[in-house]
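To keep things clear, I will list the structure first and then write my remarks on it.
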Amino acid sequence: MNATPLAEELGPRARRQVQVVTAAVVIAAVLGAGLGLRRLQARGQLDVDLWQPLRDPAVIRFLLVGLVNTVRAAAAAMAISLVFGLGLALARQARHRVIRLGAGAYTEFFRSVPLVLLVLFCSLGLPVYGINIGGYWYLVLALSVYNSAVVGEIIRAGILAVERGQSEAASAIGLGYWQALGLVVLPQALRRMAPAIVSQLVTLLKDTSLGAVIPFEELLRRGRITGEFYGNPLQALFVVALIYIAFNVVFSRGAERV
Amino acid sequence: MSVVSLLLDNLDAYARGVGVTVALTLSAFAFALAVGVVVAACRISPVVPLRAAATLYVESIRNTPLLVLIFLFVFGLTKVGILFGYFTSAVIVLGCYTGALVAETVRSGINTVSLGQAEAARALGFTFPKALSRIILPQALRRVVGPLGGLFVALIKNSALASIISVVDLTGVADRVTTATERPLEAFAIAGVAYVLLAVPAGLGVGWLERRLAIHR
């Protein structure tokens, strides 16, 4: 009972009030759920033939391949973003002012632009210039351009969080710039920024759903196709949402343990 | 020159797009603040079912892509007769989504208010809702102005998803100008710069507000 930060232990009167409110909330919830179900029933949305297709192994496989495509796009974009992000982070600390300003401008611009705008530009715009690389690469390209800027900032913060003494000590024992960076600074920085990278990876995974408008057949797109084919968009999209939630929760928990 | 001429030719459209984006962001954020404060209050309330419901809400919204929520609302809920215009739908979904994030932020703010404040309130005979609204929240909210501002700036970007359900915001305008002129690079670059021009003053405004509202001790 004391999970609320507002009181360590409730007195007898407060406990009685809590019981009354709890009862009221439960009754309201049951009533609300009942009304909701009746509405669904009245509109025929609980009919077996709308839910049945979603238990068909072929449909499940169709959706799971969509999830695999989602993960593929997210993994590719993350790999590219880590490389370019590291490059951007280093460029922002370069001695040369032009490089520093260029990297800063790239980061600031692409961080403040909506991802949809980039995705639409890649899919609608690039073909006009004769670049036809297909839905998958349009999506990965847009995600990478955006996430390089975001990941670059995470890496930069990680590098800045390593004390100066570390790189000074590294050069004092005769390590060059790249040696000091690779052997001393980055290993420490990586450990500190791991949580931020993981949470960005979850965001990236959710952002791949933009592939649905390109169109690239990731999970959401395939959910839409299923919904249109069987005439059950509510049920199909509900299942898609559940798959996203389950996958993200399992992924975050797993990453936390590592 | 081509960017300038494209911008001048379509100035009206872009101006209207900026207006729609701003209106969308402001109304969705107002909605999100209301949702967020209520959900945060539920998440720390002594009533167990409320706490469970609020946790379920926050966790499921946070782990679902925004576009899935938009499609679920627009294509799914119409089947049970929940029908709104595209703009209103976008405001509701963006508000519910950002509301979950606001709730988490407000909760973290509440956790920084020392327990003594709540104990003092109870000692003075404040009930839970009174203690929360009069003592705890005013202190908590002022401490999370910065993070809430961050959510606002993120919302400017997220509002672009409304263009997918045919709301003609900045992104929608870029889309249309591209179709009309076959010059995607210029059309999208103008929209991109416009977003940056919206985000930068918003960020500065947040910083100013944060300094104004900070509690000096």
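Sequence lines, in order, name chains A and B.
Under our numbering, residues 1 to 258 are what the first sequence spells out, in order.
Under our numbering, residues 1001 to 1217 are what the second sequence spells out, in order.
By construction, the Cβ of each residue, glycine as well, lies at the ideal position given by its N, Cα and C atoms.
- prompt: So, do the stretch 1018-1027 of chain B and the stretch 1090-1108 of chain B have three or more beta carbon pairs nearer to each other than 8 angstroms?
  reply: yes
Residues in the stretch 1024-1050 of chain B having any Cβ partner in chain A nearer than 7 angstroms: Ile1044, Ser1045, Pro1046, Val1047, Val1048, Pro1049, Leu1050
message: Assuming the contact rule is C-beta atoms closer than 8 angstroms, B:Ala1235 and B:Val1173 should be a hit. Round their C-beta distance to whole Å, please.
response: Limits of chain B in this structure are 1001 at one end and 1217 at the other, which puts residue 1235 of chain B out of reach.
- request: Kindly say whether A:Ala241, judged by its beta-carbon, lies nearer than 8 angstroms to any beta-carbon of chain B.
  value: In the first sequence, counting from the first residue as 1, residue 241 of chain A sits at position 241. True, the Cβ-Cβ gap to chain B drops below 8 angstroms.
query: In terms of residues, what are the limits of the alpha helix (DSSP H) holding A:Asp207?
result: Counting from one through the first sequence, the residue named residue 207 of chain A turns up at place 207. Unbroken alpha helix (DSSP H) run through A:Asp207: 186-207.
- prompt: Do B:Asp1175 and A:Leu124 come within 8 angstroms of each other at the CB atom, strictly closer than that value?
  reply: Stepping through the first sequence from its first residue, residue 124 of chain A is reached at position 124. Stepping through the second sequence from its first residue, residue 1175 of chain B is reached at position 175. Taking the C-beta atoms as reference points, B:Asp1175 is found nearer than 8 angstroms to A:Leu124.
- request: Give the range of the alpha helix (DSSP H) segment to which A:Gly11 is assigned.
  value: As a position in the first sequence, residue 11 of chain A is number 11, starting the count at 1. The continuous stretches of alpha helix (DSSP H) do not include A:Gly11, and DSSP gives it neither H nor E.
- prompt: Whose Cβ in chain A lies nearer than 7 angstroms to the Cβ of B:Leu1067?
  reply: Position 67 of the second sequence holds residue 1067 of chain B. By Cβ distance, chain A contributes Ser209, Leu210, Ala212, Leu220.
query: B:Ile1190 touches chain A at which residues, Cβ-Cβ below 7 angstroms?
result: To locate residue 1190 of chain B, count along the second sequence from 1; it is residue 190. For B:Ile1190, none of the residues of chain A pass the 7 angstroms Cβ criterion, the least Cβ distance being about 11 angstroms.
Enclosing alpha helix (DSSP H) for A:Phe110 [first to last residue]: Sequence index remark: in the first sequence, residue 110 of chain A carries index 110 (1-based). Run containing A:Phe110: 97-112, per the alpha helix (DSSP H) assignment.
- prompt: Is the Cβ of A:Val300 closer than 8 angstroms to any Cβ of chain B?
  reply: This structure cannot speak to residue 300 of chain A, because chain A is shown only from 1 to 258.
query: Along chain A, which residues have their Cβ under 9 angstroms away from the Cβ of B:Glu1182?
result: On the second sequence, residue 1182 of chain B is found 182 positions in, with the first residue counted as 1. Residues of chain A passing the Cβ test: Val128.
- prompt: Are A:Thr203 and B:Pro1049 close, meaning C-beta to C-beta below 8 angstroms?
  reply: The residue labelled residue 203 of chain A in the question sits at position 203 within the first sequence. The residue labelled residue 1049 of chain B in the question sits at position 49 within the second sequence. The answer is no: Cβ separation not under 8 angstroms.
query: If you run the structure through DSSP and keep just helix, strand and coil, what is A:Arg61?
result: Counted from its first residue, the first sequence places residue 61 of chain A at position 61. A:Arg61 falls in the helix class under three-state DSSP.
message: I'd like to know if the stretch 148-155 of chain A and the stretch 82-90 of chain A are in contact, where contact means that at least 3 CB-CB pairs between them fall below 8 angstroms.
response: yes
task: Take B:Val1047 and list the residues in its own chain whose beta-carbon comes closer than 7 angstroms to its own, dropping the five residues that flank it on each side.
output: For the purposes of this step, residue 1047 of chain B is taken as the residue at position 47 of the second sequence. Contacts found: none.
message: Just checking: is the beta-carbon of B:Val1196 within a distance shorter than 8 angstroms of some beta-carbon in chain A?
response: The residue you call residue 1196 of chain B lines up with position 196 of the second sequence. So yes, B:Val1196 belongs to the interface.
query: Taking 8 angstroms as the CB-CB cut-off, is B:Ser1002 touching chain A?
result: As a first step, residue 1002 of chain B is located in the second sequence; it is residue number 2 there, counting from the start. No, its Cβ sits nowhere closer than 8 angstroms to a Cβ of chain A.
field: Contact set between B:Leu1077 and chain A, taken where Cβ atoms lie within less than 9 angstroms
entry: Within the second sequence, the letter at position 77 stands for residue 1077 of chain B. Listed along chain A, the residues sitting closer than 9 angstroms to B:Leu1077 by beta-carbon distance are Leu234.
message: If distances are taken between C-alpha atoms only, which option among A:Pro195, A:Pro187, A:Trp178 comes closest to A:Glu163?
response: Taking the first residue of the first sequence as position 1, residue 163 of chain A is located at position 163. Of the listed residues, the one whose Cα sits closest to A:Glu163 is A:Pro187.
task: Report the three-state DSSP secondary structure of A:Ser81 (helix, strand or coil).
output: Taking the first residue of the first sequence as 1, we reach residue 81 of chain A at position 81. A:Ser81: helix per DSSP, three-state reduction.
message: Check whether chain A comes within 8 angstroms of B:Val1058, counting only Cβ atoms and requiring the distance to be less than that.
response: If you number the second sequence from 1, residue 1058 of chain B lands on position 58. Taking Cβ atoms only, chain A never reaches closer than 8 angstroms to B:Val1058, which makes this a no.
message: Counting beta carbon pairs with one atom in the stretch 92-107 of chain A and one in the stretch 233-245 of chain A, are three or more of them shorter than 8 angstroms?
response: no
message: For a test of the three-state rule: what should DSSP assign to A:Asn132, helix, strand or coil?
response: Numbered from 1 along the first sequence, position 132 holds the residue referred to as residue 132 of chain A. Residue state, collapsed to three classes: coil.
Contact the stretch 138-145 of chain A vs the stretch 74-82 of chain A: 3+ CB pairs below 8 angstroms: yes
field: Alpha-carbon spacing of A:Trp178 relative to A:Ser171, whole angstroms
entry: Position 178 of the first sequence, counting from 1, holds the residue named residue 178 of chain A. Position 171 of the first sequence, counting from 1, holds the residue named residue 171 of chain A. The straight-line gap from Cα to Cα measures roughly 10 angstroms.
message: DSSP three-state label for A:Pro215, please.
response: Along the first sequence, one-based indexing puts residue 215 of chain A at 215. Three-state result, A:Pro215: coil.
message: Checking 8 angstroms against the spacing of the C-beta atoms, do B:Phe1188 and A:Arg224 come in under that value?
response: Here residue 1188 of chain B corresponds to residue number 188 of the second sequence, with the count starting at 1. Here residue 224 of chain A corresponds to residue number 224 of the first sequence, with the count starting at 1. Cβ atoms of B:Phe1188 and A:Arg224: not closer than 8 angstroms.
message: Taking 8 angstroms as the cut-off, does the stretch 210-230 of chain A touch the stretch 46-62 of chain A (at least 3 CB pairs, one atom from each stretch)?
response: yes
query: In chain B, which residues lie with their C-beta within 8 angstroms of the C-beta of A:Arg224?
result: Locating residue 224 of chain A in the first sequence gives position 224, counting from the first residue. Ordered by position in chain B, the residues that pass the 8 angstroms Cβ test against A:Arg224 are Phe1071, Phe1075.
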